[in-house]
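K.L.:
Quick one: this structure, given as C-alpha cells, is what I'll be asking you about.
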Amino acid sequence: MESIVPAAPTERVPFSPLMLADRLLSLAQDADRAGFTGTASNLVAVMFEVLDSGLPVQH
C-alpha cells in the first residue's frame with residue numbers, strides 16, 4: 083500500500099492575524115451550530131489571543 087506524504091512547503095505565505103481570527107470565528111460558529119459549544123468557546127478564546135497578540139500585520 084502506498085503511503086501518502088504531504089509535500090513539503092516551498093515558501094512561507096504571509097498571513098494576516100485578522101484573517102486568522104476571521105477563520106477561527108467561522109469555525110467557532112460552525113462548531114456551535116453542530117452542538118460543540120465547548121469547542122466553540124475555545125475557538126473564540128484562541129481568536130481573542132490572536133487579536134491581542136500584537137502580531138505585526140504583513141502587507
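Numbering (our numbering), first residue to last: 83 to 141.
Using N, Cα and C, we set each Cβ at its ideal position, and we do this for glycine too.
Note that the coordinates shown come from a computational prediction; the quantities given were computed from them, not determined experimentally.
Distance, Cα to Cα, residue 123 vs residue 97?
P.N.:
Here residue 123 refers to the residue found at position 41 when the sequence shown is read from its first residue. Here residue 97 refers to the residue found at position 15 when the sequence shown is read from its first residue. If I take the Cα positions, the gap works out to 23 Å.
K.L.:
Taking the alpha helix (DSSP H) that residue 85 belongs to, which residues open and close that run?
P.N.:
For the purposes of this step, residue 85 is identified with residue 3 of the sequence shown, where counting begins at 1. Unbroken run through residue 85: none, as it is neither H nor E.
K.L.:
Run the CB neighbour count on residue 100, radius 10 Å, all protein chains shown included, and call it buried at 16 or more, exposed below.
P.N.:
Start at 1 with the first residue of the sequence shown, and residue 100 comes out as number 18. The residue in question, residue 100, is exposed, as its Cβ has fewer than 16 Cβ neighbours within 10 Å.
K.L.:
Rounded to whole angstroms, how far is the Cβ of residue 125 from the Cβ of residue 113, which I believe are closer than 8 Å?
P.N.:
Locating residue 125 in the sequence shown gives position 43, counting from the first residue. Locating residue 113 in the sequence shown gives position 31, counting from the first residue. Going by Cβ atoms, the distance from residue 125 to residue 113 rounds to 6 Å, so yes, they are a contact pair.
K.L.:
Does residue 117 come out as helix, strand or coil in the three-state DSSP assignment?
P.N.:
Numbered from 1 along the sequence shown, position 35 holds the residue referred to as residue 117. Three-state DSSP puts residue 117 in coil, outside helix and strand.
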